[in-house]
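Below: one structure, written as structure tokens.
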Amino acid sequence: MIYQIVERTPYRLRFLLTAEGDILVPQCVVIPNSDTLNLQGDLRNSTRAYLGYPLANLVRTPITVGSQAAARRIFLGDTLVTVPDIEVPRAHCKLTPRKVTTNLECPWAVDANEGSNVGVVDSTGFAVLVVCGPSLEGEECYLDFYYEHTFDR
Amino acid sequence: MALTFSLIERTPYRLRYLVTAGGVPGGVPTDSGILVNRDGPTPDLRGDAKVFLGSPIWNLVSINPITDVTEARRFIFGDGLSAAPGAVQSQPTPLNTEQLQVPRAHVYITAKTRTAGDPQWAVDAINGAAVDAQSTGYVVLVVTGSPTQGQLAYLDIDFQHTFDR
Numbered sequence: 001m002i003y004q005i006v007e008r009t010p011y012r013l014r015f016l017l018t019a020e021g022d023i024l025v026p027q028c029v030v031i032p033n034s035d036t037l038n039l040q041g042d043l044r045n046s047t048r049a050y051l052g053y054p055l056a057n058l059v060r061t062p063i064t065v066g067s068q069a070a071a072r073r074i075f076l077g078d079t080l081v082t083v084p085d086i087e088v089p090r091a092h093c094k095l096t097p098r099k100v101t102t103n104l105e106c107p108w109a110v111d112a113n114e115g116s117n118v119g120v121v122d123s124t125g126f127a128v129l130v131v132c133g134p135s136l137e138g139e140e141c142y143l144d145f146y147y148e149h150t151f152d153r
Numbered sequence: 154m155a156l157t158f159s160l161i162e163r164t165p166y167r168l169r170y171l172v173t174a175g176g177v178p179g180g181v182p183t184d185s186g187i188l189v190n191r192d193g194p195t196p197d198l199r200g201d202a203k204v205f206l207g208s209p210i211w212n213l214v215s216i217n218p219i220t221d222v223t224e225a226r227r228f229i230f231g232d233g234l235s236a237a238p239g240a241v242q243s244q245p246t247p248l249n250t251e252q253l254q255v256p257r258a259h260v261y262i263t264a265k266t267r268t269a270g271d272p273q274w275a276v277d278a279i280n281g282a283a284v285d286a287q288s289t290g291y292v293v294l295v296v297t298g299s300p301t302q303g304q305l306a307y308l309d310i311d312f313q314h315t316f317d318r
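Note that the protein sequences, when read in sequence, are chains A and B.
Take 1 as the starting number for the first sequence in the working numbering and just add one per residue.
Take 154 as the starting number for the second sequence in the working numbering and just add one per residue.
This is the structure in structure tokens:
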């Protein structure tokens with residue numbers, strides 16, 4: 001699966017995900033969060049242009065090594081349900097398929113995890129995104145990763 | 154039968170439609186429908202936004218001319234509005250501030266019902282001339298989804314009117 005950034009603001013990264021392959025087996029890819037990999041699409045690398053802005057601060061927030069719960073909390077707002085939690089910085093992710101050609105492919109899904117949990121050593125102690133989807137060549141989907149910074153939404 | 158659209162929510166910044174599958178016999182995997190932009194009766198992007206004449210959502214769907222799919226996606230998906238990936242910004246202000254100011258929408262599609270064997274719902278933007286002659290010069294939306302009669306999804310066209318989102 002290929003991912004590329006198609007839109008970037010101080011509060012949002014929008015990726016275009018493109019499936020590769022020709023067999024109906026799910027594919028997964030990790031969008032890393034590293035200062036050393038210098039990869040296009042890497043979360044810290046991609047927000048470097050907006051250092052000091054909320055999304056850049058959020059992806060640079062260190063989390064407990066091995067804690068998927070902490071990664072989901074800051075990247076998906078997962079388990080932030082008590083009254084004090086509305087002030088906790090967090091992001092939300094949304095998937096919007098752009099192209100689908102068959103009813104047999106695996107649906108798109110996104111999760112968050114801690115970097116070392118998914119084998120990305122350079123992202124140890126930071127949250128990463130894990131996207132799974134079809135492996136049918138040409139299927140496409142937008143992934144929105146955006147900072148949820150106001151209570152008025 | 155194609156997918157059909159009915160307007161269910163409208164603000165100066167958003168159009169929300171309920172997409173209904175009309176059903177396609179013969180075991181085809183998907184069905185599709187076009188949300189046109191003819192400045193006509195609902196469902197129609199300009200026609201539905203016209204009650205808020207001059208509003209951001211009306212201005213956006215009225216952008217003309219839209220001549221190719223790249224332009225259509227730029228305004229309706231924000232696709233293509235990005236600084237060069239990986240560029241290092243050494244100054245405190247954001248790179249490409251001009252692109253931050255380009256009006257754009259974001260479109261989301263959310264399944265409301267789904268039955269076994271249904272495909273995922275998908276939405277794309279395209280220049281009207283490619284799929285609907287009366288929408289030439291304007292953006293239209295093409296939705297792909299269930300061939301099973303009665304299946305439903307919500308389609309949101311959400312004007313992205315602040316950098317704070």
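Heads up, the beta-carbon is just placed ideally off N, CA and C, and yes, glycines get one too.
C-alpha gap between Asn217/B and Trp211/B, whole angstroms: By 1-based counting over the second sequence, the position of residue 217/B is 64. By 1-based counting over the second sequence, the position of residue 211/B is 58. So the alpha carbons of these two residues sit roughly 12 Å apart.
First and last residue of the uninterrupted alpha helix (DSSP H) at Ala225/B: On the second sequence, residue 225/B is found 72 positions in, with the first residue counted as 1. It spans 222–230 - the alpha helix (DSSP H) in which Ala225/B sits, taken as one unbroken run.
Of the residues Leu160/B, Thr289/B, Val293/B, Trp274/B, the one placed nearest Asn103/A, counting alpha carbons only: Sequence index remark: in the first sequence, residue 103/A carries index 103 (1-based). Minimum Cα distance to Asn103/A is reached at Trp274/B.
Based on Cα-Cα distance, which residue from Tyr261/B, Leu168/B, Thr164/B, Pro256/B lies nearest to Pro196/B? Reading the second sequence from its first residue, position 43 is the one you call residue 196/B. When only C-alpha atoms are compared, the closest one is Leu168/B.
Would you kindly work out how many angstroms separate the C-alpha atoms of Phe230/B and His259/B, rounded to a whole number? Here residue 230/B refers to the residue found at position 77 when the second sequence is read from its first residue. Here residue 259/B refers to the residue found at position 106 when the second sequence is read from its first residue. Cα to Cα, Phe230/B sits roughly 5 Å from His259/B.
Thinking C-beta only, is Thr18/A closer than 8 Å to Ile2/A? One-based indexing of the first sequence puts residue 2/A at position 2. One-based indexing of the first sequence puts residue 18/A at position 18. Taking 8 Å as the Cβ cut-off, Ile2/A and Thr18/A qualify as a contacting pair.
Smallest Cα separation from Thr101/A: which of Val222/B, Arg257/B, Thr297/B, Leu206/B? By 1-based counting over the first sequence, the position of residue 101/A is 101. Comparing Cα-Cα distances from Thr101/A to each of Val222/B, Arg257/B, Thr297/B, Leu206/B, the minimum goes to Thr297/B.
Output needed for Gly270/B: all residues of its chain with C-beta closer than 6 Å, excluding positions within five of it in sequence on either side, in chain order. Stepping through the second sequence from its first residue, residue 270/B is reached at position 117. Nothing meets the Cβ criterion.
Positions along the segment 41–57 of chain A whose CB lies within less than 8 Å of some CB in chain B: Gly41, Asn45, Ser46, Arg48, Ala49, Tyr50, Leu51, Gly52, Tyr53
Kindly indicate the opening and closing residues of the alpha helix (DSSP H) around Ala269/B. The residue given as residue 269/B occupies position 116 in the second sequence. No alpha helix (DSSP H) contains Ala269/B, which DSSP labels as neither H nor E.
Counting only C-beta atoms, is Leu16/A closer than 8 Å to chain B at any point? Stepping through the first sequence from its first residue, residue 16/A is reached at position 16. By this cut-off, Leu16/A is an interface position.
So Thr64/A contacts chain B; which residues on that side make the cut at Cβ distance below 7 Å? The residue you call residue 64/A lines up with position 64 of the first sequence. Simply none; closest approach about 29 Å.
Could you have a look at Tyr50/A and say whether DSSP puts it in helix, strand or coil? The residue labelled residue 50/A in the question sits at position 50 within the first sequence. Reduced to three states, the DSSP call for Tyr50/A is helix.
Grouping DSSP H, G and I as helix and E and B as strand, with all else coil, what is Ala91/A? Along the first sequence, one-based indexing puts residue 91/A at 91. Strand, per DSSP.
Residues of the segment 82–111 of chain A in Cβ contact with chain B at a cutoff of 8 Å, in chain order, please. Lys94, Thr96, Pro97, Arg98, Lys99, Val100, Thr101, Thr102, Asn103, Leu104, Glu105, Pro107, Trp108
Taking 8 Å as the threshold, find out whether the segment 292–310 of chain B comes into contact with the segment 173–181 of chain B through three or more Cβ pairs. yes
Kindly say whether Gln242/B, judged by its beta-carbon, lies nearer than 8 Å to any beta-carbon of chain A. If you number the second sequence from 1, residue 242/B lands on position 89. Only weak support exists for where Gln242/B lies, its pLDDT of 35 falling under 50; the coordinates are left without a value.
Can at least three beta-carbon pairs, one atom from the segment 116–136 of chain A and one from the segment 178–193 of chain B, be found at a separation below 8 Å? no
Would you mind reading off the limits of the alpha helix (DSSP H) that contains Leu213/B? Here residue 213/B refers to the residue found at position 60 of the second sequence. Here the alpha helix (DSSP H) through Leu213/B covers 209–214.
Nearest candidate by alpha-carbon position, reference Glu140/A, set Arg14/A, Asp122/A, Arg98/A: As a first step, residue 140/A is located in the first sequence; it is residue number 140 there, counting from the start. Checking every option, the nearest Cα to that of Glu140/A belongs to Arg98/A.
Any residues in the segment 259–275 of chain B with a beta carbon nearer than 8 Å to a beta carbon of chain A? Which ones, in chain order? His259, Val260, Tyr261, Ile262, Gly270, Asp271, Pro272, Gln273, Trp274, Ala275
Within chain A, the residues that Phe158/B reaches when beta carbons sit closer than 8 Å: Looking up residue 158/B in the second sequence gives position 5. The premise fails here: Phe158/B is roughly 17 Å from chain A at the closest Cβ pair, so nothing lies under 8 Å.
Closer than 7 Å at the beta carbon, the chain A residues around Phe230/B: Position 77 of the second sequence, counted from the first residue, corresponds to residue 230/B. Per Cβ cutoff of 7 Å: Tyr142.
Does any CB atom of chain B fall closer than 8 Å to the CB of Glu137/A? Along the first sequence, one-based indexing puts residue 137/A at 137. Cβ-Cβ to chain B under 8 Å: no for Glu137/A.
Based on Cα-Cα distance, which residue from Pro62/A, Thr47/A, Ser116/A lies nearest to Tyr146/A? Within the first sequence, residue 146/A is the residue found at index 146, counting from 1. When each option's Cα is compared against that of Tyr146/A, the closest is Thr47/A.
Is the CB of Pro209/B under 8 Å away from at least one CB in chain A? As a first step, residue 209/B is located in the second sequence; it is residue number 56 there, counting from the start. False, the Cβ-Cβ gap to chain A never drops below 8 Å.
Quick one: measure Cβ to Cβ for Asp232/B and Leu16/A, integer angstroms, because I've assumed they're closer than 8 Å. By 1-based counting over the second sequence, the position of residue 232/B is 79. By 1-based counting over the first sequence, the position of residue 16/A is 16. Going by Cβ atoms, the distance from Asp232/B to Leu16/A rounds to 7 Å, so yes, they are a contact pair.
Proximal residues to Pro36/A (C-beta, below 7 Å), its chain only, five neighbours per side dropped: Position 36 of the first sequence holds residue 36/A. First, the residue type needs correcting, since residue 36/A is Thr and not Pro in the sequence shown. Around Thr36/A: Asp122.
With a 10 Å radius around its C-beta and 16 neighbouring C-beta atoms as the bar for buried, classify Thr9/A as buried or exposed. Taking the first residue of the first sequence as position 1, residue 9/A is located at position 9. By the 10 Å Cβ count, Thr9/A comes out buried.
DSSP state of Leu104/A, grouped into three classes? Counting from one through the first sequence, the residue named residue 104/A turns up at place 104. Leu104/A falls in the coil class under three-state DSSP.
Secondary structure at Asp144/A, three-state DSSP: helix, strand or coil? Taking the first residue of the first sequence as 1, we reach residue 144/A at position 144. If DSSP states are grouped into helix, strand and coil, Asp144/A belongs with the strands.
For Val292/B and Pro107/A, I'd like the C-alpha separation in whole angstroms. By 1-based counting over the second sequence, the position of residue 292/B is 139. By 1-based counting over the first sequence, the position of residue 107/A is 107. The alpha-carbon atoms of Val292/B and Pro107/A are separated by roughly 27 Å.
Buried or exposed for Gln313/B, going by 16 or more other Cβ atoms inside 10 Å? Along the second sequence, read from residue 1 onward, the residue named residue 313/B stands at position 160. Counting Cβ neighbours within 10 Å, Gln313/B comes out buried, since at least 16 surround it.
Please go through the same chain and pick out, in chain order, the residues whose beta-carbon is closer than 8 Å to the beta-carbon of Asp42/A, but skip the five residues on each side of it. Locating residue 42/A in the first sequence gives position 42, counting from the first residue. These residues qualify, in order along the chain: Ile31, Pro32, Asn33, Ser34.
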